[in-house]
Structure formats: C-alpha cells, structure tokens
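Protein chains in written order, with the working numbering: chain A, 3 to 258; chain B, 3 to 258; chain C, 30 to 300; chain D, 30 to 300.
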C-alpha cells in the first residue's frame, strides 16, 4: 500500500533527484535548501553544498533556518567572505547547479522576487534579488522550485529579477551569460523543461494524481505540453522519511 | 669623544629619523628594512611595519632576511594575502610612508630597478618593479634610501620603473597618483628634498665630513643646493647601538 | 587607534543625522544593540546600507531613522517578510524610503571597491535584469583585452560602518571568525567605524589568518556582550530563532510594533 | 577530486612541454621539489609564472626548461641577483627568455581576475612607468562613474599551478597558513593544479578561516615532506638562509651551476 504524500513533498523530492550526478550546488534558503539537503542525505552523499553566506561544503545535520545558520559554518570545509563566495566561487562557474525559487516565473523561466505591482508603487514589496541573478548567470545549470498557481506562473512578470532564458533562443548568449540556464522548473503539480528550439518551458512530467487540465488552470500562459509527457515517479519510503525528518522544526515558506 | 660611524650607518639612521611621527610604513627589503626596523626599535615603538608579503604590524626581533621571513609572520598582527595587501591596504593610501630604494635615481626622484642598458639587450638585468611603483603611487609620502655615485644618481634613467615626480611639477597629478611623492632622498653622502616649485631634488643636508663638492662629484645631474644647507645630526650612541645590533647577521645589499 | 567607549558615547560621537550608515554581519554577528542605540538617540535621515537588511533595518526603518536603504535582499530569512520595510515602501509609513537595490554580488563588490580605494568594481552580473535598469550605481564596462561587456558597480564609502565582533584586545585590535560576510570590506570602506564586541581579551590566540582589523582601522570599540542578539556570535551565543519567527507577527501591525519599540528599545536605556 | 600521486607521476601527468606553469609561494612554501622534478623530466618551452621567481625559477631557467617568464620581482631576496635568470636575459644562455613583466600588484591582480573568471582586473598602477609601455597585458580602463583612468591587467589562467602546503586531509582537502601569498588565487585561476604537502592528516583542526582548497579544486596531491626546501613551511621547517646566500656564488658560473644540477637534481631521482 502506498504512503500518502503532500504536493510540497513530491516537489521537493523531485527537485532532489535532479541533483543526482551533480558535484556541487549553490543553495538558496527555503524549498531549494530542503531539496539540496535531501539530495545530499539520500542520493548524493558527496554533494558539496555552497551557501551565499560563504560556507562551502556544509554538512548540516538539521535543516538550516537561514543561509547564515551557525550549523552551516560549523560543518563546512571552509568559510569564506561574501565577496569571495561570489567572485572566486560562483562567478567562474565552479558550482555545478544553482537551486532557485521565486514569487513569479514566466514561460522562459525568468523570475521575479522584487515586487508585485509597479516598482515605484508596489502592491507587495518582495525581498529582492539576493544571490539569484548571478547564480542564474554563472552556474552551468539551474533548477527552479516553486509552488504553482496563476498568481505565480504568469504571462508577464511584474519585474524581471533573474534571467532564465530571457525572451527565448539566443537571449543568454547575447547577454553574455556563461551557464546553460534552467534545466528544469519543478512545481507542486509537475515538471517543466526548456524546449530545445524555443527555450520555452514545456510540461514534461505530471506529479501523481495531477492532470494536464489542473496544470493549465494553474498556469498564466498558454502552456505547451510535451509529446512525451510522463508521470513523476512516486516518492519512495526512504525519500519520504528523509524529507519529513529534514523538514521538522523549520519553515519552508521563504523564497531565498 | 665621538664614535666613528660608516656612511651606511648615517644613511640608515637619517632615514629612520624621517619616520618619526609616522603611524605605518610599507617596507621593502635591504636598506629600507634596516631603517624602518631601526625607527620602530628606537624612535617610534608604535610604528606599524607592513611588508608586501602580507604581514601587517610585524614586530621582528631580528632583521628579516627577506620580506617573506617567517619572523614577520610570527610577530604580525595579521597576515593577509598578497592581493589583499596591495588592494585593501596599500592602494587606498592606508600606509603613511613607503620606503624605497633603487639602482638609479634621477633629479625628479624617479627610480630604475629594471635594467642597466637597453630593455631588450640589457647590460645588467636588475630584479624589476616588485611593489615599488604602487608604493610610490599610493603612500601619502615616500622616503628613498640609496647609496650615491655617478652610476646611481643619473641624468637619465635607463628605464623608469617607479615614478617620483615624473618630469616635475604637475606630473603626479596628471598621472592620477594620490600620494604626495618622495619627501626625501637619503644617500650615504647627504639628504635631498623636493623644491616646492619645480619638484627637483635639491641637496638640503650634508652628512658629517662630506662636502658639497663630494656630493657634486657623485651626482650625474647638475645638482642644486639649498640656500639653507645644514649638516645631518651625528648618530647618537643609542642609534649606533641599535643599527649595529639590527644589522648583525644579514646583508644590506639587496634593493627590494 | 581605536578608542574604547560606551555604546552610547560611540553612537553619539560617530553617527549623525543624514549619515550613510552600514551595519554589517551576514545572519551572524548582526550589531543589534548598536541599531537600538541609534533608535534611542533618534537619528534621522540615515541612509542604511546592508546586504540583508534583516530585522535590524526593519526596526530602524519602523522607528523612522532612515530615508534610504541600500540593500540586496530584504526578507526575514527562512521566516517571511520585513513588514516595517514593506510598510515604508508600500505605504510610506512612518515615512517614504528611497531604495538603491542591488544583488548580493553587486553590493558586496561595491564594498570591495570602497575598501580598495577604487571608484568601481567589475563583475559579471545584472545582464538582462530590471534590477539594473533602475539603478544609477550600475553601469557597463568593456574589457580592453577581450571586448566583453561586464557590469561595473560604483564604490560605496559609508560615513560610518558598525559591526559586532567576538573579541577586541586591549590595544584595540578586533578579531572575528565564523561567517564573516562583508564586515572587513565594510569597515575598510568607511570613513569611521564602531565595533561592539563580546569580550575584551589580553591576547588573541595564535590564529593569524582569522579576520583581524588592526586598531588603527577602527574608530571606536564598545564592550557589549550579547550585542548581536537575537543574531548570534559563534563561540558565544546561539541565534534566537523564536525571536525571528515572532517578529513576523509582532512587526505586521504598526501599533504592536510601536509598543515593542517603546518597551524594548526606548525604555531600556543603553544596552 | 584530488588524486594522491607520487610527485613523479603528478608532474608526468600534468606538466607538458609548452605549458604555462605557475609555481607560487611568497618566500614561504615555495615548491622546490616539484620544480626539480620538472627539471628531471626535462620539460621544455615552459612559460613560468611567479611573482618572485626566486631560486626555483633560476634553476628551471638555467636547466633550459623555460622559454618565457611572467614575473614581478626577480632577485635573490636579501642576497643579490638571480644569475641564471640574468644569464638567460643578458646572454641568451642556455636559451633566450621572453619576459612579461609586471609589478607585484599587477601580477597579483592578474591571478585575481583568473580566479574570479573575469577577463581583467582593475587597479591604480603603472601610471607613468616604462613597465607599462612595453607590455600588452596592461591597458587603460575608464571608470564609468567618475571618469578616472585606471590600469587594467589581463587575467592569467595557467595550464597548471603548483604549490606546496602544510597539510592535506585524506579526502584531499588542502590547508595552508602563515604567509599565503597568492597561492589560493593561482590554484583557482589554473586549469590543473598540483599540491605537494608536508603531511597528510586525518582531520584539520577547527580553524575554518585558514586558507583551504577543497579537494575538488585540486588535481593531484603528492606527499613530499620538506618539498619546499630551502624555503620553509611554517610549523614544519625553517628557511635555509645559507643555501640562499651560497646560491649567489654557486649560480654565478655556468659550469658550477651545471655541476650542481647534475649532482643535486638529476642524480637524486624523485624527491
């Protein structure tokens, strides 16, 4: 008999699986942190976790509440300054994968974490850029994890904080962005990957129990669906045990 | 009865006196190092010695043989990387005084430490620039210490490694050099200071027993002599004791 | 050479209305006690500079001390929003707040340029983002060797930088370790600096590769044990995560915040 | 991840004829044993990179390994000249030597740019000097905010950087302390790297602010106690100043040098 799981759990677990084979991951706080820590605990014990607080090779035994958590410094191979983490470690593309989230995403996987409404007179002032724009620029690939609704998967971002594929094919090259961009966008409903021609994110996998209609109803743009749509593999017992253990006692709400 | 002293000793002692009142000194090896260490031992116990190896606040108990001597690291307040010592400490003008030497100097206190002869086919290949050009650029003032002869005090440098006053008044400003330049050039014969109008180095002090003719005979340009020429104060017993103690067991030959 | 002062005297002497004030510490070693003293001394029109404004800037903004914020990520890390910051930006309460908004890499490099005495720093950043469009402290620079177009950020040189550190020695040298963020750069970039410390020691241990600020780079030192609470000082204290979580509700309502301010800051006198 | 190899295998696998080879260590931790192994393996046409060429480059140049030297100060510190370097530049013996000559600040920043993945670095340097005139890796760059004209130096990205460090742990992480020069930058700027170490330890001590190169930034580690002799490793050895002083005479004469090379390098086999 199968165990029940939440939509957040399958989202996080699916994200952690995308880190299999990665050597190192630049981790934002919140959902990305849960996924990256899950990956290190479960699939990729050698995965080097790098946080923008300057901790490299952190091996937290509990989920860090913030990217500057003392647990990260205590368990790291080295702790460097913030200028150094960005200049010597992120910028040259040393960190294989960046894990990002956002308040809004568009069909080219660009992210908004700055404002809802206008910049000058915002309806909601969000935290801002943090490390995301340079993670998205420099990492050889990125993974985006965020909950999906018409409010978050939008046709037009209110503010473009972090470039995914810009306006599509050729954008990253013309902007001088060395990394390949988002390899996957993972929501609580399914997974989206860039079309190799247009670089628009198309639905490639549905989480168990979710229909294409469900996803369309939670997408603000005219969603394209892969001809080879699959179902996301259900969480294993081991994955569920780990994600529940990690998640205990901290919040997954914040987006950076 | 007065004690005898060598020309090197009065040169070094005169240089050390120029550090009275300075908070910090960027020190090259050789004669500058002897003078700076003498100053810290004798006149200025709080003088912060900074070496291009990254040692800040070194308090060596013997004269360091090189700028990367273990004694400097052991006794320093901090040891920083070489990029940091130049970028964060020297470049912003944090170090009050730079002590320099050279193989050739001209009447505007520009220095050559690169070649004798042509650059492409040198008669003598010298060590090169090291830290000197940026010390001369950034320090609020510099002190030059070098032995004097027609070979070293020349009308035309074979190579301009380090700018003193360039071609005279206005040169430093037009080159964007923040520091004021050499406040004094000290040789084994006398002391030279910049004319406030022309910035040519003029003889302002003769070491005891030296005549203006002696200095002229050891100067490759048409030497100007100050109307207020004085005699350098003789070394005190204490100065001589210290310089002899410091000098023991190491060489004062190298120029950087 | 650094002068040993009470926190009250250090703030009174070094923080003036209208100053550009950097308060640094990345999650770790955030100088809360100094921030509260600035509130108590009712400084106004400050330009606050902090990569992660965190609760300390939320409190200063809510108390009406700031007219501008230079920052790169303004949330309550792992918890939610900075409601006082949001209220100022969204509603102009208690006053409007100008923003000079960067990425972490960009703002960190503005401090690097300031510390290095250069007018700008170069990085590969901001391409294609709206962050760049609205900001006059970001520009292009072209590599003279390859022709690549990169981002330039203007140096930042605060009037005063305030940090919290684990130790000072009696000569006024300051030592910090663990997550050290951009503290060294922010102090070296500033005209003046105040360091609050957990402890004053006779001698540091022999680790000369830790971050040390020599006495002559620091203006004033105040001995304020726990001066980074509810943040933490590695080796001395743990972060009070409950405080951060409680702030989410406490700060949401203006009246509740003002009551907190009255009871926990104004009535407390010097920390 | 770093591979543990003998010095002989590490050099054989990673240093090729024609490579750009940085050998760093500022007076302290100079990788002499690796340099001698390069001589023994008779590598040719190398471009050597070192702020202070020191005796190690003098020996490599005298042995005919190098066609070019990128450097900033080429003397025998505190003693005198590098006679093999001078003989190559002045007389083309044993072959001519191209020079790419900088100041310390300039060459250090070339490594910084390489480590940072940028094509150039900015500094206030070289103005008015002949050092600049002859060098194509130095150019102007104008601040887009202030109009100030500064120096740009081209990034350097060695094919291989070789350093000596005090310790590696069994996972291949490397730790060094004391005067650390430009070693971190030179390793991070390079395509490949070899680290010779005094000791292999189970665990590093708790000082996480020391310079540590994670295993995945290093290509090969060789356990070579004393591998920096006659330089020194803080905590392990003292500099042999007599060796440096004796080099002044030993290196002055080609025949005496060649005899030294035969007896002390070629006949010694792998250190």
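No residue lacks a Cβ here, since even glycine has one placed at the ideal position from N, Cα and C.
Exposed is the label assigned to residue 63 of chain B, since fewer than 16 other Cβ atoms lie within 10 Å of its Cβ. Taking residue 212 of chain D as the centre and dropping the five residues before and after it, the same chain places the C-beta of 53, 192 closer than 6 Å to its C-beta, in chain order. A residue is called buried once 16 or more other Cβ atoms fall within 10 Å of its Cβ, and residue 79 of chain B is buried on that count. Fully contained in the region 89-174 of chain C are the following beta strand (DSSP E) runs of length 3 or more, in chain order: 95-100, 127-130, 149-152, 167-171. Using a Cβ distance threshold of 7 Å, residue 149 of chain C and residue 185 of chain C do not count as a contacting pair. Judged by DSSP in its simplified three-state form, residue 216 of chain D adopts helix.
For residue 217 of chain A, the closest C-alpha among the options A/191, A/143, A/145 is that of A/191. Residue 213 of chain C reaches chain A at 83, counting residues in chain order whose Cβ is nearer than 8 Å. In the three-state DSSP reduction, residue 72 of chain A falls in the helix class (H, G or I). Between residue 164 of chain C and residue 152 of chain C, the gap from beta carbon to beta carbon reaches 7 Å or more. Here DSSP, grouped into helix, strand and coil, assigns residue 225 of chain A to coil. The C-alpha of residue 88 of chain D is placed about 14 Å away from the C-alpha of residue 78 of chain D. Think of a sphere of 7 Å around the beta carbon of residue 95 of chain A: the chain D residues whose beta carbon falls inside it are 146, in chain order. Among the CB atoms of chain C, one or more fall inside 7 Å of the CB of residue 80 of chain B. Among the residues of chain B, those whose CB is under 8 Å from the CB of residue 243 of chain C are 50, 58, 59, 79, 80, following chain order.
Taking C-alpha positions only, residue 220 of chain A is separated from residue 155 of chain A by approximately 7 Å. One alpha carbon belongs to residue 179 of chain A, the other to residue 139 of chain A, and they sit about 5 Å apart.
The Cβ of residue 170 of chain D sits closer than 7 Å to at least one Cβ of chain C. Pairing residue 117 of chain C with residue 90 of chain C gives a Cβ-Cβ distance under 7 Å. The beta carbon of residue 55 of chain A lies closer than 6 Å to those of 69, 70 in the same chain, with the five residues before and after it left out. Two segments are said to touch when three or more pairs of C-beta atoms, one from each, lie closer than 8 Å; by this definition the region 269-284 of chain C touches the region 104-116 of chain C.
For residue 65 of chain D, the enclosing alpha helix (DSSP H) begins and ends at 61-69. In terms of CA proximity to residue 77 of chain B, D/207 leads the group D/207, D/43, D/57, D/70. When the five nearest sequence neighbours on each side are left out, the beta carbons in the same chain lying within less than 8 Å of the beta carbon of residue 233 of chain A are those of 207, 208, 209, 210, in order along the chain.
According to DSSP, residue 114 of chain B shares a beta bridge with B/106. Scanning its chain for C-beta atoms nearer than 8 Å, with the 5 sequence neighbours on each side dropped, one finds around residue 240 of chain C the residues 204, 205, 206, 209, 212, 213, in chain order. Interface flag for residue 89 of chain B against chain C is set, since a Cβ pair is found closer than 7 Å.
Taking 7 Å as the threshold, the shortest C-beta distance from residue 258 of chain C to chain A does not fall below it. If you draw a straight line from the Cα of residue 21 of chain B to the Cα of residue 171 of chain B, it comes to about 25 Å.
Per DSSP, reduced to three states, the secondary structure at residue 86 of chain D is helical. Collapsing the DSSP output to three states places residue 13 of chain A in a helix. Against chain D, the CB of residue 106 of chain C has no partner CB under 7 Å away; the residue lies outside that interface. The CB of residue 217 of chain C comes closer than 7 Å to the CB of 90 in chain B, given here in chain order. Neighbourhood of residue 159 of chain D in chain B, by CB distance below 8 Å: 116, 121, 161, 162, 163, in chain order. With distances taken between CA atoms, residue 23 of chain A lies nearest to A/98 out of A/98, A/90, A/108. Taking 7 Å as the cut-off, the beta carbon of residue 181 of chain B is found no closer than this to the beta carbon of residue 167 of chain B.
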